[in-house]
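I have placed the structure first, in the form of structure tokens, so that the comments after it can refer back to it.
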Amino acid sequence: MRYNRVHIVLFLAPILIIVLVLCGMIAWTGAVSMDNWVGMAPVWQFNGLQNYATLFRMERFWSALQNNLIWMVAFIIPSAALGLLLAYGLTLSGRAESLFRPLFLYPLALSFVVTGTLWAWLYDPDAGVINNILKSVGLGDLGQPWISSPRQATFCLIGAAIWQYTGFAMTLYLAAIRDIPSEIFEAAKVDGASDIQIFRHVVVPNVTQATLVTIAMLTVFTLKVFDLVWVITFGGPGTSTEVLGFFMYVATYRQAFIGLGAAISVIILILAIAVVVPYAWWSMKRLQT
Amino acid sequence: MKTMNMKKWLSKLPLLFILTVAALVWLLPMYTMVANSLKTQQEIIRAQYYLPPHGLELRNYVTAFSILKQGLLNSVLVSVPATVLAVFLGSWAGFFLARMRFKYSQTIFFTTTIATFLPYQVVLFPLMYLLMTLHVINTRPGLVLAYLILNTPMAMLITATFFQMIPVELQEAAALDGCGPVTFYWRILLPVGRLAIISTAILIFTFIWNEFLIAMAMTQGPSAQMATPVLAGLKGNYAQVWHIQMAGAMITSIPPLLIFIFLGRYFVAGLMAGTLKG
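These protein sequences, in sequence, are chains P and B.
Residue 209 in numbering that gives the first Met the number 0 sits at position 210 of the first sequence, and the numbers go up by one each step.
Residue 145 in numbering that gives the first Met the number 0 sits at position 146 of the second sequence, and the numbers go up by one each step.
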């Protein structure tokens, strides 16, 4: 199909303008992160890396960063593993797949605010659903302080996120398993391999790509997690469940340390780039030219 | 033959049992939300949350709806135009990148992918500043603009992935008839690729409807506030009033859940195109 310069401009100008605006905003955040901007009115007073130095001296920053790392390990691995197991289970179940699949996927359609509202109650130590159910079946001793304990609270948030996102990993893995040539499965079956052996030696090695995509997507998710923290614990007890995304919001909008908030944003950006850039590179390669 | 099938079915029983248990665990939070949203205050006080409600206490929904009304209206008036505009602009560029041989298409695709997965925190404050400068902060058009900027890259990414699957012959035949890119987009691509457009729109609408950070940072007070911040506020103002909270959460979830139930296939297709494959 013939096209000329006018077409290029016509079709690509809107997206390029949007991308440029986004780049401008990133640059703006970078500039503000090196300014002594406190209060809502603009203060353009360059202070070098002072905000970063302040940040690195704050225990609150390190605890938020540590929580982000806990999220990466305790959220991504179980979500991906459960997703893969469910995907294989559904594949084996044959026709029951279409019945079960939506039951694991539906939380993905909900807002984190809804998930947060719901799970905040499930986890409530006194009036909460989980502790009350345990009590009513005579297992009250197993009741936990859940979100009122600084030690457990982050893991409670992660539990809600796993509930919401396992279906996402499952969907990616279902497609990946479906893409494995059926001859490989049949050959394994002829050799007398059990379903578990097939899982270990056929399924797992053949879904590496889906695993990489799942990990990339879930890592990006852990870097921007905010809503669940806000709704369920508001960072508490104390600051024990704060993550970088939450700390950035509080520093910027609650305490008006704009420069400091921008510095946190830049750190989130750097962490995100480490994942997103390789992913975008890989995804660009599949664009046919 | 029959015994063979029977045997096969029996061997699947343990698997089906495990899947059923897992599905029940996954459904329990939803059950809790629905069941308790229909209970009276007295039933809630008895704390037997796992029991089904005695009657249908629809007054909870009336109360929750009266609080969420303005927020829901704002959510509709922001999500719908933002989705339509983002999908239009995204598919407009997505078509060109996916179907035309063009030197910088990979570069643009690469940059747009990065823009798609950028954490919102990175642009949150400048975005607010932009809306203030344009005097649209705390207004619905301001929110539409914010979501348009943030979601058009994703719309482009998803539609481009879909459009790559449209057969080349279609484009060649159209070119032979002297059809240019603009005519091709309107007359052929939109009708032929309507499933791609629907999938993308459904996904982006759900994202915007469910979004919280932008919705909260760009608004103050009820006039332009979307449903998600209002729901989050409900949790603060109605602490311990679980049945009202659950009714509010249910109401806010209705549009995305309806989409998931009736258009789930497109929702999943859009999700897959946004990540792995078309």
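Each residue gets a CB set at the ideal place from its N, CA and C atoms; glycine is no exception.
Of the residues the options, the one placed nearest residue i, counting alpha carbons only
{"i": "residue 148 of chain P", "options": "P:128, P:283, P:25, P:240", "result": "P:240"}
{"i": "residue 172 of chain P", "options": "P:91, P:97, P:86", "result": "P:86"}
{"i": "residue 95 of chain P", "options": "B:100, B:12, B:104", "result": "B:12"}
{"i": "residue 128 of chain B", "options": "P:20, P:55, P:281", "result": "P:20"}
{"i": "residue 227 of chain P", "options": "P:116, P:261, P:271", "result": "P:116"}
{"i": "residue 105 of chain P", "options": "P:166, P:154, P:267", "result": "P:166"}
{"i": "residue 215 of chain B", "options": "B:57, B:84, B:33, B:70", "result": "B:70"}
{"i": "residue 77 of chain B", "options": "B:121, B:139, B:124, B:50", "result": "B:139"}
{"i": "residue 262 of chain P", "options": "P:38, P:47, P:35, P:51", "result": "P:51"}
{"i": "residue 230 of chain P", "options": "P:245, P:222, P:219, P:53", "result": "P:245"}
{"i": "residue 263 of chain B", "options": "B:198, B:224, B:272, B:233", "result": "B:198"}
{"i": "residue 250 of chain B", "options": "B:273, B:110, B:67, B:173", "result": "B:67"}
{"i": "residue 258 of chain P", "options": "P:11, P:16, P:41", "result": "P:41"}
{"i": "residue 9 of chain P", "options": "B:5, B:92, B:47, B:32", "result": "B:92"}
{"i": "residue 148 of chain B", "options": "B:225, B:270, B:182, B:89", "result": "B:89"}
{"i": "residue 154 of chain B", "options": "B:120, B:132, B:200", "result": "B:200"}
Start and end residues, alpha helix (DSSP H) containing residue i
{"i": "residue 208 of chain P", "result": "207-223"}
{"i": "residue 22 of chain P", "result": "4-31"}
{"i": "residue 118 of chain P", "result": "111-122"}
{"i": "residue 242 of chain B", "result": "241-274"}
{"i": "residue 134 of chain P", "result": "128-135"}
{"i": "residue 121 of chain B", "result": "Where residue 121 of chain B is concerned, there is no enclosing alpha helix (DSSP H), given that its DSSP letter is neither H nor E."}
{"i": "residue 152 of chain B", "result": "139-162"}
{"i": "residue 234 of chain B", "result": "226-236"}
{"i": "residue 187 of chain B", "result": "Premise fails: residue 187 of chain B is in no alpha helix (DSSP H) and is neither H nor E."}
{"i": "residue 268 of chain P", "result": "257-284"}
{"i": "residue 74 of chain B", "result": "58-98"}
{"i": "residue 151 of chain P", "result": "149-178"}
{"i": "residue 62 of chain P", "result": "58-91"}
{"i": "residue 186 of chain P", "result": "181-189"}
{"i": "residue 244 of chain P", "result": "243-248"}
{"i": "residue 40 of chain B", "result": "40-44"}
{"i": "residue 176 of chain B", "result": "Here residue 176 of chain B belongs to no alpha helix (DSSP H), and DSSP marks it neither H nor E."}
{"i": "residue 37 of chain B", "result": "Neither: residue 37 of chain B is in no alpha helix (DSSP H) and is coded neither H nor E."}
{"i": "residue 101 of chain P", "result": "96-104"}
{"i": "residue 196 of chain P", "result": "194-197"}
{"i": "residue 40 of chain P", "result": "That residue, residue 40 of chain P, is in no alpha helix (DSSP H); it is neither H nor E in DSSP."}
Identified DSSP bridge partners for residue i
{"i": "residue 45 of chain P", "result": "P:34"}
With 16 other Cβ atoms within 10 Å as the buried cut-off, status of residue i
{"i": "residue 278 of chain P", "result": "buried"}
{"i": "residue 224 of chain P", "result": "buried"}
{"i": "residue 8 of chain B", "result": "exposed"}
{"i": "residue 134 of chain B", "result": "exposed"}
{"i": "residue 275 of chain P", "result": "buried"}
{"i": "residue 152 of chain P", "result": "buried"}
{"i": "residue 216 of chain P", "result": "buried"}
{"i": "residue 30 of chain B", "result": "exposed"}
{"i": "residue 268 of chain P", "result": "buried"}
{"i": "residue 39 of chain P", "result": "exposed"}
{"i": "residue 171 of chain B", "result": "exposed"}
{"i": "residue 23 of chain B", "result": "exposed"}
{"i": "residue 234 of chain B", "result": "buried"}
{"i": "residue 10 of chain B", "result": "exposed"}
{"i": "residue 260 of chain B", "result": "exposed"}
{"i": "residue 188 of chain P", "result": "exposed"}
Any non-hydrogen atom of the ligand ATP within 7 Å of residue i CB
{"i": "residue 85 of chain B", "result": "This structure does not include the ligand ATP; it has no bound ligands of any sort."}
Worksheet entry | Cβ-based contacts, 8 Å cut-off: residues of the region 218-242 of chain P near chain B | 219, 222, 223, 225, 226, 229, 230
Worksheet entry | Where the region 48-69 of chain B meets chain P: residues whose CB sits under 9 Å from a CB there | Listed by position along the chain: 48, 49.
Practice prompt. Give, in chain order, every residue of the region 159-177 of chain P whose Cβ lies closer than 7 Å to some Cβ of chain B.
Written response: 162, 170, 171, 174
Discussion item. Counting only Cβ-Cβ distances shorter than 7 Å, please list the residues of the region 225-242 of chain B near chain P, keeping chain order.
Written reply: 227, 230, 231, 234, 239, 241
Worksheet entry | Contact set between the region 92-110 of chain P and chain B, restricted to residues whose Cβ is under 7 Å from the partner | 92, 95, 99, 101, 102, 103, 105, 108, 109, 110
Worksheet item: According to a CB-to-CB cut-off of less than 8 Å, which residues of the region 1-15 of chain P neighbour chain B?
Response: 1, 2, 6, 7, 9, 10, 11, 13, 14, 15
Worksheet item: Looking at chain P, which residues of the region 138-166 of chain B have a Cβ within less than 9 Å of any of its Cβ atoms?
Response: 147, 148, 149, 151, 152, 155, 156, 159, 160, 163
Worksheet item: Of the residues that make up the region 121-147 of chain P, which ones have a beta carbon closer than 8 Å to any beta carbon in chain B?
Response: Hits within the stretch, in order: 121, 126, 128, 131, 132, 135.
Discussion item. Beta carbons nearer than 9 Å to chain P: which residues of the region 183-213 of chain B have them?
Written reply: Correct list: 183, 184, 205, 208, 209, 210, 211, 212.
Worksheet entry | Contact residues within the region 246-263 of chain P, judged by C-beta distance below 9 Å to chain B | 247, 248, 251, 252, 257, 260, 261, 263
Practice prompt. Taking a Cβ distance cut-off of 9 Å, strictly less, list which residues of the region 239-270 of chain B are near chain P, in chain order.
Written response: 239, 241, 244, 245, 247, 248, 249, 251, 252, 255, 256, 258, 259, 260, 263, 266, 267, 270
Worksheet item: When you check each C-beta in the region 23-41 of chain B against every C-beta of chain P, which residues fall closer than 8 Å?
Response: 25, 26, 28, 29, 31, 32
Worksheet entry | Near-chain B residues of the region 59-75 of chain P - C-beta to any C-beta below 9 Å | none
Item to complete: With 8 Å as the limit, tell me which residues of the region 27-40 of chain P have their beta carbon closer than that to any beta carbon of chain B; keep them in chain order.
Response: Hits within the stretch, in order: 27, 28, 31.
Discussion item. Output needed in chain order: residues of the region 119-134 of chain B with a Cβ under 8 Å from some Cβ in chain P.
Written reply: 119, 120, 121, 122, 123, 124, 125, 126, 128, 129
Worksheet item: Which residues, in order along the region 78-102 of chain B, keep a beta-carbon less than 8 Å from a beta-carbon of chain P?
Response: Residues 88, 89, 91, 92, 94, 95, 96, 97, 98, 99, 100, 101.
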